[in-house]
Amino acid sequence: MRSLVNYCFDVRFQRPRVEQIRSRMQTIAFQEKLKLSKEQVDEVIEASNHDVRQTIYNLQLLSMGGNCGEIQQKDCAVNTFEAARRILSADTSMMEKQEMFFTDYTIIPLLRAIVEPLNIHWEQMLRAVLTTVHVIVNSLFCCL
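Note that this note's numbering gives residue 50 to position 19 of the sequence shown, counting from 1, and the numbers run on in steps of one.
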């Protein structure tokens, strides 16, 4: 790769944001005589993982008589670090955590083993601070 760096330009692409896709998808939905709310259009965009082609395809399915509830999430490749972040997130369901584990089952346990003691350390420290605050508050009210 290092030999190519001198001859190539590294272009980074980002997925388009929902706001960037929404207006065009609403125009397409209107032209197809679909009555979709802004939230429903956003849901279609999120389900397709911000893929414009997949979003247009889902709108086409809806225009042919499909149901908005039937749109399935697009299968997405998740890198190891994103999987580790999701596993350690409190917002992720247990089922998603189990799926993320198999993204790269050779390194995910290692990443978790590195990060989890740090989380426990912070929890213990926060508990100690909370206990200290309770002691101070109780001592102040006892003196009054």
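Ideal placement from N, C-alpha and C gives every residue a C-beta, glycine not left out.
Which two residues bound the contiguous alpha helix (DSSP H) that contains residue i?
i	result
residue 69	69-78
residue 85	83-94
residue 58	49-62
Under a Cβ-count criterion, where at least 16 other Cβ atoms within 10 Å of its own Cβ denotes burial, should residue i be classed as buried or exposed?
i	result
residue 37	exposed
residue 115	buried
residue 131	buried
residue 90	buried
residue 72	buried
residue 35	exposed
residue 93	buried
Residues in its own chain within less than 8 Å of residue i by CB, not counting five upstream and five downstream?
i	result
residue 76	49, 52, 53, 56 and 86
residue 41	none
residue 128	117 and 118
Within a Cβ cutoff of 6 Å, which residues of the same chain sit near residue i, ignoring the five residues on either side of it in sequence?
i	result
residue 162	none
residue 67	60
residue 63	94
residue 88	none
Rounded C-beta distance between residue i and residue j? I'm assuming under 8 Å.
i	j	result
residue 111	residue 117	That belief does not hold up - the Cβ atoms of residue 111 and residue 117 are roughly 11 Å apart, past 8 Å.
Residues in its own chain within less than 7 Å of residue i by CB, not counting five upstream and five downstream?
i	result
residue 43	none
residue 58	none
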